[in-house]
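J.: Below is a structure I'd like to ask you about.
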Amino acid sequence: MPSELIVSLELLQAIAMLKFPLGFIAGATYPFRAFFLLLRSPHLRGYAIIPVAVNLIVGVALYLGLVFPSLELVESLVTRLSVQWEEWIARLPQWLSFLNFITLGLHWLLNAVLVLLLFAIAGFLVVEFGAILGSPWYGQLSEQLEKKRLGQLPASDSHPLAIFQDIWRAILFELKKLALMAGVGLALLLLNSIPGIGTLLFSIGGLMLAATIVCLDFLDSPLERRRLQFRQKLGMVWRAFPASASFGFVCLGLISLPFVNLLIVPLCVSGGTLLFCDRIWPGQFSGERTPTSPD
């Protein structure tokens, strides 16, 4: 391992342990810390190969079937809103005609926000389908990282019906995420009805909701090993703020990059496990055992 990579990993680890207010910066480092850690651990990379192949198949189908056709709809929506804005300005007194110059800026801003939201939704769908299909490998990757970081894993159920319980819990987790998205999404739709800034508020709120869901997904493996309920998992995400917020937004940004998101999920899963070990485990689960020295 080159000495530069070792120094980079040690620097990122030191930043990650800083407390608020630098915790926001620290949380953003975890996907990159995971990258350096996987570089140092070739035996862990095998857990990422199969789910990445699954992501490639799902992602290509999603972009060809959903994203690229939707870009035309976004442009049509923005153009219609710009026309409505111009008509509204035309009814104002003549001395307010300078507002016409703002129309072009709003057009590009709104177009950029909606395109970003579209790619965020596409990345979210790639993660959701990829995480479901690749969950056995991601689970193993997370377990190996937690064992490497903390020394051992919590006790797991070994009775014959455990696998059916795991499937049921996974289904409930997805249903509760859908309920959360539906509830918050309804509130955002109400905001969208506000004239002028409603669409912008809707877009920003949608990005925040997507980041929260993504953070839940990438922290789920270590939390699920402790058999936590959905509200408890959501509470763990909130208690890890602001590190969890920056981690969620960075992961959302990474999975929103077309085609890059097909390769990035293993890093986000690994980063979520490292964030749990550093920032959630010490305050919530340290009674389980005494951890080994971190790598």
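Plus 226 on top of the position in the sequence shown (first one is 1) and you've got my numbering.
Ideal Cβ positions, reconstructed from N, Cα and C, are used throughout, including at glycine.
It should be emphasised that the depicted structure is a prediction, and the values quoted were computed from it without experimental measurement.
Whose C-alpha, out of 490, 464, 478 and 479, is nearest the C-alpha of residue 505?
T.: When each option's Cα is compared against that of residue 505, the closest is 464.
J.: In whole angstroms, what separates the C-alpha of residue 511 from that of residue 286?
T.: Using only the alpha carbons, I get a separation of about 40 angstroms.
J.: Measuring alpha carbon to alpha carbon, tell me which residue in 437, 426 and 485 is nearest residue 475.
T.: The residue with the shortest Cα to Cα distance from residue 475 is 437.
J.: Terminal residues of the continuous alpha helix (DSSP H) containing residue 494?
T.: First-last of the alpha helix (DSSP H) with residue 494: 487-501.
J.: By DSSP, does residue 253 sit in helix, in strand, or in coil?
T.: Here residue 253 sits in helix by DSSP.
J.: Do the stretch 254-273 and the stretch 362-374 make contact, defined as three or more Cβ pairs closer than 8 angstroms?
T.: With a cut-off of 8 angstroms, the stretch 362-374 and the stretch 254-273 count as touching, because enough Cβ pairs lie within range.
J.: In the structure shown, what three-state DSSP assignment does residue 429 receive?
T.: In the structure shown, residue 429 sits in a helix (DSSP, three-state: H, G or I).
J.: Closest to residue 380 by CA distance: which of 447, 393, 428 and 281 is it?
T.: When each option's Cα is compared against that of residue 380, the closest is 447.
J.: Looking at residue 355: is its Cβ nearer than 9 angstroms to the Cβ of residue 484?
T.: Contact: no.
J.: Counting C-beta neighbours from all protein chains within 10 Å, is the total for residue 350 16 or more, i.e. buried, or is it exposed?
T.: When all chains shown are included, residue 350 counts as buried.
J.: Does DSSP classify residue 365 as helix, strand or coil?
T.: Helix at residue 365.
J.: Which one of 401, 501 and 481 has the shortest CA to CA distance from residue 278?
T.: That would be 481, whose Cα lies nearest to the Cα of residue 278.
J.: Starting from residue 283 and walking both ways along the alpha helix (DSSP H), at which residues does that stretch end?
T.: Run containing residue 283: 268-288, per the alpha helix (DSSP H) assignment.
J.: Suppose the cutoff is 8 angstroms on Cβ atoms and the five residues either side in sequence are ignored; what does the same chain contact list for residue 519 look like?
T.: Its pLDDT being 39, under 50, residue 519 is placed unreliably by the model, and the measurement read from it follows with that caveat. Around residue 519: no qualifying Cβ.
J.: Determine the direct distance from the alpha carbon of residue 251 to that of residue 454, and round the result to whole angstroms.
T.: Roughly 27 angstroms separates the two Cα atoms.
J.: Helix, strand or coil for residue 360, going by three-state DSSP, please let me know.
T.: Residue 360 falls in the coil class under three-state DSSP.
J.: Taking contact to mean 3 or more Cβ pairs, one atom from each stretch, closer than 8 angstroms, check whether the stretch 395-403 and the stretch 417-427 are in contact.
T.: These segments do not touch.
J.: Apart from the five residues on each side of it in sequence, which residues of its chain come closer than 6 angstroms, Cβ to Cβ, to residue 409?
T.: Contacts found: none.
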